[in-house]
Amino acid sequence: MGTNRPITVGRIDYANVWPIFHYAEQQLPEDRFRIEKRVPAALNRALRQGEIDITSMSSFAYAENADNYLLLPDLSVSAKGRVNSILLFMKKPLEQVLKGRIAMTATSATSVNLLKILMKLYYQAEPSYVTMEPSLDEMLAQADAALLIGDTAIHASWANKEKDKGLTVIDLGELWRNWTGYGMTFALVAVRKEIAEGDPEAVSDVLHALTESKERSLRNLTPLIEKACAQLGGEPAYWNRYFNELHYNFGSDEQAGLTLYFEYAHQLGLLPHEVQMRFFQDQAALKVKNE
Ligand SMILES: C=C(O[C@@H]1C=C(C(=O)O)C=C[C@H]1O)C(=O)O
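Residue numbering for the sequence shown follows the numbering used here, beginning at 2 and increasing consecutively.
Written as structure tokens, this is what we have:
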């Protein structure tokens, strides 16, 4: 059974998802699939409100609504240590930031809650938080430190070096790893249950397109590196390292790190309930196996 309207697929508007999406769009026929590119917070909201059907999204926002969603298996944006694009920029020494005020980007859900977990449980600190649009200068005019994610964080980290702004930078993926010994999963791909039940073939098509894109991208990163230099600036060596330090699978290691994050988020009352991760079962794959 297929629905009559096209299936809307959400793509995070940052380089971190390029390996998963770069080759996928050309495999999803335009008469059946529509791609929406937005920042994570907008995709999180659109999925919750039923405006889109399948999306790459903040792992935290998946957890907030896990009963209504299924995860597309083995797809994520994760880091085993340094993530390079989830960064706390501090204009004051850390001791003052811990007692001060932190501006957080309005585009994120996972990272802002990761920062709260690290502040409370790692540093035993309770700074105050303000949510703002992602502009480093404006954020730092109002706060002692600023949390940015995605391409905005990358550009701000370059400007900090090139313009000698003298800000101290903490990479949240690296801090999480040093503290817990685990990697961290920032983004997942989820489908609304209603769509998975009503149009499983379409969901399966999206799963295959994203999985094939991931595999093809990782076999040869050169096209993505060239595109990143052309569209976002920077050097090939930077992007080579960036795409290599991110991980795009969601196996038992990634699940263990994310489970710990969900537990801490629940413990601090950031998530109102415990989270049971549930996955879309690809019937198309089962059918092929049984034939
Ligand atoms: C690696 C990243 O992962 C992401 C962080 C997200 C969040 O904080 O909610 C959501 C999706 C990803 O964009 C990044 O933004 O740089």
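Heads up, the beta-carbon is just placed ideally off N, CA and C, and yes, glycines get one too.
In this structure, I36 sits away from V190, with a CB-CB distance that is not shorter than 8 Å. By alpha-carbon distance to R178, the top candidate from S136, A257, L208, M133 is A257.
If you compare the alpha carbons of W19, V204, A188 with that of L222, the shortest gap goes to W19.
Look at the segment 120-191 and you find these whole runs of beta strand (DSSP E), each 3 residues long or longer: 129-133, 146-150, 169-172. For E37, the three-state secondary structure derived from DSSP is strand. K228 and I21 have their C-alpha atoms roughly 14 Å apart.
As a beta-bridge residue in DSSP terms, G11 pairs with E37, T56. For S109, the three-state secondary structure derived from DSSP is coil. Taking 7 Å as the cut-off, one finds no heavy atom of ligand 1 near enough to the beta carbon of P20. With fewer than three CB-CB distances shorter than 8 Å, the segment 240-248 does not count as touching the segment 25-35.
A contact between stretches requires three or more CB pairs, one per stretch, nearer than 8 Å, and the segment 55-66 fails this requirement with the segment 165-184. Under the DSSP assignment, P30 falls outside any alpha helix (DSSP H); it carries neither an H nor an E label. Ranking Q282, Y15, P74 by CA distance to the CA of V40 puts Y15 first. When the beta-carbon positions are compared, R102 and V131 come within less than 8 Å of each other. In this structure, G11 sits away from R193, with a CB-CB distance that is not shorter than 8 Å.
Exposed is the label assigned to K162, since fewer than 16 other Cβ atoms lie within 10 Å of its Cβ. The beta carbon of Y130 sits no closer than 7 Å to any heavy atom of ligand 1. Put simply, the segment 84-96 does not touch the segment 196-207. Fewer than three CB pairs are less than 8 Å apart.
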